[in-house]
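Residue numbers (my numbering): 250 to 482. Using N, Cα and C, we set each Cβ at its ideal position, and we do this for glycine too. Shown next, in structure tokens, is the structure this report addresses.
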Ligand code: TYD
């Protein structure tokens, strides 16, 4: 099972990804936690290029997109695919939705191209479950203050507003897998909401397997409504 965490910088998703990984491991489930960009020797070098290097000429938007994809392609091949093949749970701190939100909406690259490149990098493997940790832009900016921005984080407020609208577009488009979680709640409350949704999803896992050959969208009986239903119960 592939579980991804998404959201704008400063939303608290990395903490939640780690807490979930710890909890699943405590339950005796083989769990692998990776972050993007990164996670393999090559991908960590690419991460360094993307986030820490300052070039005389700014990195082009297209080169940036392809570097994120290169990092992901290597991570898929070396880590994610083998782990999924042995039925481990893979938790990924950022994945393809980040590329749609940041490069598609933030950088305004053509969405169809971004999606094609994502599909090439992942061999069309999609997350089973995605937690989009949603917080107001102002809160994210406040939380990040004094932390030292990397190349992406130094972007303008307008850029992040575009990224955020990209995430809302994705949440609407992929209601079958994306759960929008309110990240303004306490860390414990957010963790609890996530855990309940993971338990619900794992309970449905066998049913997913039976429907593996059918259209994914039809096989999944849940949507946005399920997020609220499970959390309200
Ligand atoms: P990171 O320090 O890991 O940030 P965070 O802790 O917020 O995840 O840096 C990753 C940065 O790269 C983040 O600003 C989002 C950006 N990014 C993209 O623009 N496109 C992508 O496809 C991915 C995976 C990340």
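- In the structure shown, residue 358 adopts coil according to DSSP, grouped into three states.
- The beta carbon of residue 343 lies closer than 6 Å to those of 285 in the same chain, with the five residues before and after it left out.
- Look at residue 413: its beta carbon is at least 7 Å from all of the heavy atoms in the ligand TYD.
- Under the three-state reduction of DSSP, residue 383 is assigned to strand.
- Short note on residue 284: C-beta closer than 7 Å to some heavy atom of the ligand TYD.
- Annotation for residue 284: the continuous beta strand (DSSP E) segment containing it runs 280-284.
- Between the ligand TYD and residue 263, a heavy atom-to-CB distance of less than 7 Å is present.
- Leaving aside the five residues that flank residue 292 on each side, the residues in its chain whose CB is nearer than 7 Å to its CB run, in chain order, 286, 320, 323, 324.
- Beta-bridge partners assigned by DSSP to residue 342: 254, 284.
- Three or more beta-carbon pairs separated by less than 8 Å link the region 255-262 to the region 385-396, which places the two stretches in contact.
- Burial state of residue 335 is exposed, judged by a 10 Å Cβ sphere holding fewer than 16 other Cβ atoms.
- With respect to the 8 Å criterion, residue 382 and residue 270 are not classified as neighbours on the basis of their beta carbons.
- Under the three-state reduction of DSSP output, residue 390 falls in the helix class.
- In the three-state scheme derived from DSSP, where H, G and I count as helix and E and B as strand, residue 303 is classed as coil.
- In this structure, DSSP gives residue 428 an extended state, which the three-state scheme calls strand.
- Only residues of its own chain outside the window of five on either side were considered, and among them 366 have a CB closer than 8 Å to the CB of residue 315, listed in chain order.
- Short note on residue 437: C-beta not closer than 7 Å to any heavy atom of the ligand TYD.
- With contact defined as three or more Cβ pairs closer than 8 Å, the region 392-400 and the region 414-426 are not in contact.
- For residue 292, the shortest separation between its Cβ and any heavy atom of the ligand TYD does not lie below 7 Å.
- Leaving aside the five residues that flank residue 355 on each side, the residues in its chain whose CB is nearer than 8 Å to its CB run, in chain order, 404, 408, 409, 411, 412, 415.
- The alpha-carbon separation between residue 361 and residue 311 amounts to approximately 14 Å.
- Non-local beta-carbon contacts of residue 278 in its own chain, meaning distances under 7 Å to residues more than five positions away in sequence, involve 338 in chain order.
- Between the ligand TYD and the CB of residue 417, the shortest heavy atom gap is not smaller than 7 Å.
- Within the same chain, Cβ atoms closer than 7 Å to the Cβ of residue 327 are found at 289, the five residues on either side in sequence being excluded.
- Residue 255 sits buried, since 16 or more C-beta atoms from the chains shown fall within 10 Å of its C-beta.
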